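Start counting at 1 in the sequence shown, then tack on 223, and there's your number in the numbering used here. In this text, a Cβ means the ideal position worked out from N, Cα and C, and glycines have one as well. Treat the numbers as computed from the prediction; the structure is a model and nothing was measured. First comes the structure, then the notes that go with it.
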Amino acid sequence: MSFIKWLKNISKKDVSIAGGKGASLGEMINSKIQVPNGFVIISSTFDDFIKRTSIKEKIDSILLSLDHNKIDAIENAAEKIQALILNIEIPKSLEQEVLKNFKKLKTKYVAVRSSATSEDSSTAAWAGQLETYLNTTEKYLIKNIKKCWASLFTPRAIFYRFENKLNDEKISVAVIVQKMINSDISGVAFSVHPVTQDHNQLIIEAGYGLGEAIVSGQITPDSYIIQKNKMSIIDKNIHDQNRGLFRNKNGGNEWRNLGPNGKTQVLSDKEIIKLAKIIKKIEDHYKFPVDIEWAKEKNKFYITQSRPITTLKNQERKTLYKKFMNRSFSLIACQYWDLGERKELSKICENKFYFTPMFIHNKGKGISVYYDCSNILQDPKSLVEYFNNKEKKFDKLAREYLVIANKLKSNKNDLSQLYNLIVKFWVMLTINNLLGKSDSINKTIGKKAYKLRADTDQVLYN
């Protein structure tokens with residue numbers, strides 16, 4: 224029995240053996256899309272493993288008796304099942320075949336990625352439920368393959384299975400072993416704008432370093448909007464990036480300061496269009512909108528993942544929202560942000576405008592904040608114009624802001640005061656952030672706003 228198929232020998236019809244992710248990568252390779260080379264340990268290998276070792280019956284028994292409405296019961300079941308998988312050695316014949324094919328990749332590091340057999344379909348989006356292990360060396364390859372198998376039974380994956388009524392379906396997992404791209408630039412892309420849902424616009428997000436930092440919301444990437452029918456850039460949102468996540472010499476990841484490079488546009492206009500054409504080619508091939516993860520190494524773009532966009536509605540929205548930032552916020556923080564801008568901003572700015580920020584939570588990717596730029600009363604540019612070349616007005620507001628910051632420090636335990644203080648404080652965080660990042664604002668005001676934000680950013684968290 225052969226346990227392995229190379230990606231070049233896999234197509235979109237092979238979901239049952241390669242999982243959604245593996246089938247998609249193989250399909251792209253056969254469509255001449257640049258994808259990191261690799262192979263798949265097919266799903267029947269896992270099925271055979273749990274049968275031969277007699278743990279399948281134990282797994283089925285645990286799941287059958289599980290009360291999936293109780294979190295502690297799910298966690299207990301997950302712990303038992305994962306221990307069953309991790310504590311048994313895989314067959315020697317499989318280990319030998321895996322290591323033989325690993326050597327054919329001629330690389331020190333690989334990405335070991337789970338690929339569920341119902342993954343990446345528009346009805347059962349397993350994306351983010353299972354595990355990936357980056358920068359894996361030969362020494363840890365077998366161990367991480369078993370971890371990928373076991374990730375089919377994490378608490379989150381078990382809950383997802385029952386919540387989406389998949390518990391009666393045959394679900395298995397393949398494992399992808401792929402040459403690791405040591406990217407200097409990486410990002411995500413959507414072949415249809417996910418907010419405006421304009422099918423003639425695609426959006427690319429790009430940041431320095433490895434893609435994990437973008438996907439997890441640890442940095443705010445550049446974003447570029449491209450008009451597909453003309454292949455022209457219609458909007459660019461450039462963000463300062465102080466640090467990037469890169470692979471270190473030991474195979475782990477480390478943060479590095481970017482210095483002046485972090486203030487530059489991540490992709491050149493020529494590179495943006497080149498990548499946009501690749502994304503459109505993938506969408507045209509699949510004939511549906513796609514969500515892409517990509518990486519750039521030594522001036523080559525590689526596609527590391529493609530899946531359907533599952534959040535689009537049939538009707539298109541006419542409102543033009545633009546992304547301001549992406550961070551890991553709590554829901555309470557979002558509420559204060561929303562209240563501050565809806566209620567306090569108009570008071571500060573003489574009722575000339577107000578903001579209604581939109582918050583989009585993506586599991587494992589943080590919360591993205593969008594503003595309605597099609598409405599002059601809610602466009603952040605209005606705020607920049609309001610304060611531009613009005614240093615005295617900003618200084619007066621800054622003094623009031625510092626008073627609120629000091630009150631916050633001394634009223635941490637007074638709940639009656641705390642709520643209103645945080646709402647007033649939060650709107651100033653936004654003002655300082657917008658002015659500090661704007662290229663259009665008077666430089667002196669911009670520097671003051673940036674410094675004020677940096678000096679007071681931690682008031683809420685201390």
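Helix, strand or coil for residue i? Go by DSSP, reduced to three states.
{"i": "Arg272", "result": "Reading off the sequence shown, one finds Phe at residue 272, where the question assumed Arg. Correct three-state label for Phe272: helix."}
{"i": "Ser455", "result": "strand"}
{"i": "Lys402", "result": "strand"}
{"i": "Ile426", "result": "strand"}
{"i": "Ser661", "result": "coil"}
{"i": "Leu652", "result": "helix"}
{"i": "Glu312", "result": "coil"}
{"i": "Ile501", "result": "helix"}
{"i": "Pro531", "result": "strand"}
{"i": "Lys755", "result": "Given a span of 224 to 685 for the chain in the structure shown, any question on residue 755 remains unanswerable."}
{"i": "Glu623", "result": "helix"}
{"i": "Thr355", "result": "strand"}
{"i": "Phe578", "result": "coil"}
{"i": "Asp595", "result": "strand"}
{"i": "Gly475", "result": "coil"}
{"i": "Gly182", "result": "The chain is shown from 224 up to 685; residue 182 falls before or after that span and cannot be answered."}
{"i": "Ser446", "result": "strand"}
{"i": "Gly440", "result": "coil"}
{"i": "Lys388", "result": "coil"}
{"i": "Ser344", "result": "With a pLDDT of 46 at Ser344, under the threshold of 50, the modelled position of this residue cannot be trusted, and the question is left open."}
{"i": "Lys255", "result": "coil"}
{"i": "Ile583", "result": "strand"}
If we call anything under 8 Å between Cβ atoms a contact, is residue i one with residue j?
{"i": "Ala621", "j": "Lys671", "result": "yes"}
{"i": "Ser337", "j": "Arg530", "result": "no"}
{"i": "Gly434", "j": "Ser409", "result": "yes"}
{"i": "Lys519", "j": "Tyr593", "result": "no"}
{"i": "Ile532", "j": "Pro417", "result": "yes"}
{"i": "Ser266", "j": "Thr340", "result": "yes"}
{"i": "His291", "j": "Ile282", "result": "no"}
{"i": "Ile264", "j": "Ile394", "result": "no"}
{"i": "Glu335", "j": "Leu364", "result": "Note on identity: in this sequence residue 335 is Val, with Glu being the wrong assignment. In contact: Val335 and Leu364 (Cβ atoms closer than 8 Å)."}
{"i": "Leu490", "j": "Gln464", "result": "no"}
{"i": "Leu230", "j": "Gly261", "result": "yes"}
{"i": "Ile437", "j": "Glu428", "result": "yes"}
{"i": "Glu614", "j": "Thr667", "result": "yes"}
{"i": "Ser239", "j": "Asn253", "result": "no"}
{"i": "Thr456", "j": "Ile256", "result": "Looking at the sequence provided, one finds Ile at residue 456 rather than Thr. Their beta carbons are not under 8 Å apart, which means Ile456 does not touch Ile256 by this criterion."}
{"i": "Asn665", "j": "Asn611", "result": "yes"}
Can you tell me whether residue i is buried or exposed? The criterion is at least 16 other CB atoms within 10 Å of its CB, across all chains shown.
{"i": "Asp514", "result": "buried"}
{"i": "Asp507", "result": "exposed"}
{"i": "Ala677", "result": "exposed"}
{"i": "Phe511", "result": "exposed"}
{"i": "Leu652", "result": "buried"}
{"i": "Asn358", "result": "buried"}
{"i": "Ser284", "result": "exposed"}
{"i": "Ser663", "result": "exposed"}
{"i": "Gln538", "result": "Reliability of the predicted coordinates at Gln538 is poor, the pLDDT of 44 falling under 50, and no value is obtained from them."}
{"i": "Gly475", "result": "exposed"}
{"i": "Arg384", "result": "buried"}
{"i": "Ala347", "result": "Per-residue confidence for Ala347 stands at a pLDDT of 44, beneath the threshold of 50, marking its modelled position as unreliable; the derived number appears in the next sentence. The residue is buried, with at least 16 neighbouring Cβ atoms inside 10 Å."}
{"i": "Leu675", "result": "buried"}
{"i": "Lys451", "result": "buried"}
{"i": "Lys647", "result": "buried"}
{"i": "Asn687", "result": "One cannot answer for residue 687 here, as it falls past the ends of the chain, which runs 224 to 685."}
{"i": "Ser446", "result": "buried"}
{"i": "Lys370", "result": "buried"}
Ordered along the chain, which non-local residues of its own chain (more than five positions away) have a Cβ less than 6 Å from that of residue i?
{"i": "Ile278", "result": "Leu307"}
{"i": "Leu657", "result": "Pro603, Leu606"}
{"i": "Ile502", "result": "Ala412, Ser414, Leu425, Ile515"}
{"i": "Ile583", "result": "Ser591"}
{"i": "Gly432", "result": "Gly467, Leu468, Phe469"}
{"i": "Gly589", "result": "Gly440, Asn549, Arg550, Ser551"}
{"i": "Ile273", "result": "Lys279"}
{"i": "Ile381", "result": "Ile297, Ala301"}
{"i": "Cys557", "result": "Phe582"}
{"i": "Ala373", "result": "Gln305, Ile308, Leu309"}
{"i": "Tyr356", "result": "Val335, Asn367"}
{"i": "Asn460", "result": "Ser446"}
Determine which residues share a DSSP beta bridge with residue i and list them.
{"i": "Trp517", "result": "Gly410, Ile526"}
{"i": "Glu506", "result": "For Glu506, which the question treats as bridged, DSSP gives no partner whatsoever."}
{"i": "Ser338", "result": "Ala397"}
{"i": "Glu415", "result": "The residue asked about is misnamed: residue 415 is Val in this sequence, not Glu. Beta-bridge pairing links Val415 to no other residue."}
{"i": "Leu468", "result": "Gly432, Trp478"}
In its own chain, which residues sit with a C-beta less than 7 Å from the C-beta of residue i, not counting the 5 before and 5 after it?
{"i": "Trp649", "result": "Tyr559, Trp560, Gly563"}
{"i": "Leu644", "result": "Ile627, Lys630, Leu631, Asn634"}
{"i": "Thr360", "result": "Lys331, Tyr332, Gly474"}
In its own chain, which residues sit with a C-beta less than 8 Å from the C-beta of residue i, not counting the 5 before and 5 after it?
{"i": "Tyr642", "result": "none"}
{"i": "Lys497", "result": "Phe524"}
Does any C-beta atom of chain D lie closer than 8 Å to the C-beta of residue i?
{"i": "Ser374", "result": "Given the protein chain composition of this structure (a single chain), no chain D is represented."}
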